[in-house]
Amino acid sequence: MTKKAYSYIRFSTPDQLKGDSLRRQLEASRAYAEENGLLLDESLRDIGVSAFRGKNSTEGALKKFIELVEAGRVEKGSILILESLDRLSRQQIFTALSLFSSIIEAGVEIVTLADNQHYTAESVNDIGQLMYSLISMSRSHEESAIKSKRSAASWENRRRLAVETKRPITGKAPHWLRLSDDKQRFEVIEEHAEIVRSIFSQSIAGVGRRKIASSLNEEGVTPFGRAKMWHTSYIARVLSSRSTMGEYQPCQNGEPVGSAIKDYYPSIISEQQFYHAQSSQQNRRKNKSAGRKGPKFSNLFTGMCKCLECESTYRFMNRGNASLLLCDSNYMAAGCECSMRWRYRDVENASLIVLSEQIDWFSALGGHANSKQKLESEIASLNTKLSDTQKQVDRFAQLFSTAGDAMFSDARSRYLKAMQAADEIKSEIEQKESELLTFTPTQQHVDALNRAIYNLGDESDEQKLYELRAQINATFKDAGLRLYFNESGVYFYVRSTQQKGVILYSEHEELLSMGAELEIQQRTLEAINEDIADLKKAA
Numbered sequence: 001m002t003k004k005a006y007s008y009i010r011f012s013t014p015d016q017l018k019g020d021s022l023r024r025q026l027e028a029s030r031a032y033a034e035e036n037g038l039l040l041d042e043s044l045r046d047i048g049v050s051a052f053r054g055k056n057s058t059e060g061a062l063k064k065f066i067e068l069v070e071a072g073r074v075e076k077g078s079i080l081i082l083e084s085l086d087r088l089s090r091q092q093i094f095t096a097l098s099l100f101s102s103i104i105e106a107g108v109e110i111v112t113l114a115d116n117q118h119y120t121a122e123s124v125n126d127i128g129q130l131m132y133s134l135i136s137m138s139r140s141h142e143e144s145a146i147k148s149k150r151s152a153a154s155w156e157n158r159r160r161l162a163v164e165t166k167r168p169i170t171g172k173a174p175h176w177l178r179l180s181d182d183k184q185r186f187e188v189i190e191e192h193a194e195i196v197r198s199i200f201s202q203s204i205a206g207v208g209r210r211k212i213a214s215s216l217n218e219e220g221v222t223p224f225g226r227a228k229m230w231h232t233s234y235i236a237r238v239l240s241s242r243s244t245m246g247e248y249q250p251c252q253n254g255e256p257v258g259s260a261i262k263d264y265y266p267s268i269i270s271e272q273q274f275y276h277a278q279s280s281q282q283n284r285r286k287n288k289s290a291g292r293k294g295p296k297f298s299n300l301f302t303g304m305c306k307c308l309e310c311e312s313t314y315r316f317m318n319r320g321n322a323s324l325l326l327c328d329s330n331y332m333a334a335g336c337e338c339s340m341r342w343r344y345r346d347v348e349n350a351s352l353i354v355l356s357e358q359i360d361w362f363s364a365l366g367g368h369a370n371s372k373q374k375l376e377s378e379i380a381s382l383n384t385k386l387s388d389t390q391k392q393v394d395r396f397a398q399l400f401s402t403a404g405d406a407m408f409s410d411a412r413s414r415y416l417k418a419m420q421a422a423d424e425i426k427s428e429i430e431q432k433e434s435e436l437l438t439f440t441p442t443q444q445h446v447d448a449l450n451r452a453i454y455n456l457g458d459e460s461d462e463q464k465l466y467e468l469r470a471q472i473n474a475t476f477k478d479a480g481l482r483l484y485f486n487e488s489g490v491y492f493y494v495r496s497t498q499q500k501g502v503i504l505y506s507e508h509e510e511l512l513s514m515g516a517e518l519e520i521q522q523r524t525l526e527a528i529n530e531d532i533a534d535l536k537k538a539a
């Protein structure tokens, strides 16, 4: 019966396929099989798998081969053909020997073509051949370890230069940047940067990722890279990319190496914009009604309307100009007797008038004079606390290192507790600093809300109108606005300030239907400016 041989070929990186090594290894294996009358199986290949870290024995083709060997599905006497033992493993000698031995003990022979060695269960009992294999394994590991150290040192040196000089250490750049001709800096591709800025602006204004992608596709904006269209997933990647504000995170083998390098790239948005966008996305995820609101964002109060009688959601029924708001429980015959159907347009028109006039938006949006100062004071206090705790850590570390047997357990416990306390304080500082970065001057927020409400009646562009309505919706949610409905009227409540009031009564509905739209149109820019001026004085 013809013996079977398995040719195992491994490359640590796919780039090595570009050379002549694959052809050479295959031809050598075929020649050996032909000379020795073996039936050759060429299916064992691991491309881009490291033997230094042992990944080839825990994943990929070699792992499957070993599993078949252990299960007895590879016939005893079969031969595993390698170019050299380093194709099998470059790990430490005892680990490599264990892998080597497990294959031999299962009755599979190993042939290495580079040094013409044939290992079998009988031959390795010869101390000379066993020592030869051990030396070969040891040399392979040492060579890989040296290369790894050199590579790490080279990478660390390049990283240090990047931190100190901010010069590029790689030609790779985000799609809105390119490497300069002299390769000494990155340059902004302004056309692409404007698209990214628009993505962030829309997200901050309350527009979801799917809507942003759809708008870009509808406007015929060319996608970055080789994509044929804008996808929600890519919008998410852009919004989460810290390179937009200039950070670069070095990676090696797909894993982050060290901390991110700030100001490595030219920033195209501010830190404040970046964190504001993250906050906006998080708020949309928290809201159960998050998602696409249709091409016109028909319901300005999505996620805010409740029945005063049963606390169930007040359903928006889209019927164009005849759209209604009604109790979901009553509509579904689930027990609520509140059967009043409110005309949506009347509610929106009346709400925009009443909410603009009666709500202290500066306070509702967190505009207290000491908000920012309070955060800064808390951070300073925490840093002082961290400094004191760090001194305890250092003191307990010294005690821990010199403690005798009797004191060892107690010293270790104190050291670990101090370390945990320091970590908790650091985490709290990071949270406060993140809040500080997302702190938007409240008055600007209020001004933006007033402008958006004022521009609603004049805006004819569907995309801009969608953005205005999304912005108003997001601001209302930030303040914790709720609209409550019953048979008698519509009421507002602001969670952040506990302000409350009446928007309209049912007996006035007919009057409001005729007059509310006219009234909101008659509110002049001067009147809104007066509102803003009053708010600034109050601040």
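If you're matching positions, the sequence shown starts at 1 in UniProt numbering and goes up one per residue. Backbone N, C-alpha and C define an ideal beta-carbon position, used for all residues, glycine too.
Starting from Phe476, trace the alpha helix (DSSP H) in both directions and tell me its first and last residue.
Glu462 to Ala479
With which residues is Lys500 paired in a DSSP beta bridge?
Tyr493
Taking the beta carbon of Val446 as the centre, do at least 16 other beta carbons fall within 10 Å, making it buried, or is it exposed?
buried
Neighbour-count burial assignment, Lys500, 16 or more Cβ in a 10 Å radius
exposed
Identify whether Phe485 lies in helix, strand or coil by the three-state DSSP scheme.
strand
Whose CA, out of Leu382, Leu308, Ile110 and Glu191, lies closest to the CA of Asn330?
Leu308
Could you pull out every unbroken alpha helix (DSSP H) segment of at least 4 residues lying fully inside the UniProt domain "Recombinase" (174-287), listed in chain order?
190-204, 209-218, 232-240 and 271-286
Can you give the Cα-Cα distance for Lys3 and His118, rounded to whole angstroms?
15 Å
Rounded distance between the beta-carbons of Pro174 and Ser279, thought under 8 Å:
That belief does not hold up - the Cβ atoms of Ser279 and Pro174 are roughly 22 Å apart, past 8 Å.
In whole angstroms, give me the CA-to-CA distance for Thr389 and Pro168.
38 Å
Whose C-beta lies closer than 7 Å to the C-beta of Ile199 among residues of the same chain, with five residues either side of it excluded?
Ile212, Ile235, Val238 and Leu239
Cβ contact (3+ pairs, closer than 8 Å) linking the segment 312-332 and the segment 296-304:
yes
Reducing DSSP to helix, strand and coil, say where Val160 ends up.
In the sequence as displayed, the identity of residue 160 is Arg instead of Val. Residue state, collapsed to three classes: helix.
CA-to-CA distance, Val196 to Pro223, given in whole angstroms:
11 Å
Of the residues Lys172, Tyr32, Ile103 and Leu97, the one placed nearest Thr76, counting alpha carbons only
One point to set straight first is that residue 76 is Lys, not Thr, in the sequence displayed. If we check each option's Cα against that of Lys76, Ile103 comes out closest.
Contact defined as beta carbons within less than 8 Å: I believe Leu325 pairs with Trp342. What is the distance between those atoms, to the nearest angstrom?
4 Å
With a 10 Å radius around its C-beta and 16 neighbouring C-beta atoms as the bar for buried, classify Ser215 as buried or exposed.
buried
Could you pull the DSSP bridge partners for Lys4 from this structure?
Leu39
Option in Lys64, Glu122, Lys183 and Leu179 with minimal Cα separation from Glu109:
Glu122
Would a C-beta distance cut-off of 7 Å place Ile204 and Thr244 closer than the cut-off?
no
Buried versus exposed, by CB contacts within 10 Å (16 or more), Thr384
exposed
Measure the C-alpha to C-alpha separation of Arg482 and Val207 and round it to an integer number of angstroms.
20 Å
Return helix, strand or coil for Met131, following the three-state DSSP convention.
helix
Exposed or buried, what is Ile79 when buried is set at 16 or more other beta-carbons lying within 10 Å of its beta-carbon?
buried
Mind checking whether Val393 and Ala418 have CB atoms under 7 Å apart?
yes
Look at the alpha carbon of Gln249 and the alpha carbon of Val221, and state the distance between them as a whole number of angstroms.
29 Å
Between the beta-carbon of Val494 and the beta-carbon of Leu504, is there less than 7 Å?
no
Expressed to the nearest angstrom, what Euclidean distance is found between the alpha-carbon atoms of Asn283 and His276?
11 Å
Apply the 10 Å Cβ neighbour rule to Asn226 and answer buried if 16 or more other Cβ atoms are within range, or exposed otherwise.
Reading off the sequence, residue 226 comes out as Arg, not Asn. Exposed: under 16 other Cβ atoms inside 10 Å.
Which word fits Gly246, buried or exposed, when buried means at least 16 other C-beta atoms lie within 10 angstroms of its C-beta?
buried
Which value, in whole angstroms, describes the spacing of the CA atoms of Ser7 and Glu105?
19 Å
Hey, Arg178 and Glu190: beta-carbon distance below 7 Å or not?
no
Ala479 to Ile359 span [Cα, whole Å]
10 Å
Along the chain, where does the beta strand (DSSP E) containing Val111 start, and where does it finish?
Glu109 to Thr112
Sorted by chain position, which residues of the same chain lie with C-beta nearer than 7 Å to Gln25's C-beta, five sequence neighbours on each side aside?
Ile9 and Glu83
I need the straight-line Cα distance from Ser351 to Ser488, nearest angstrom please.
16 Å
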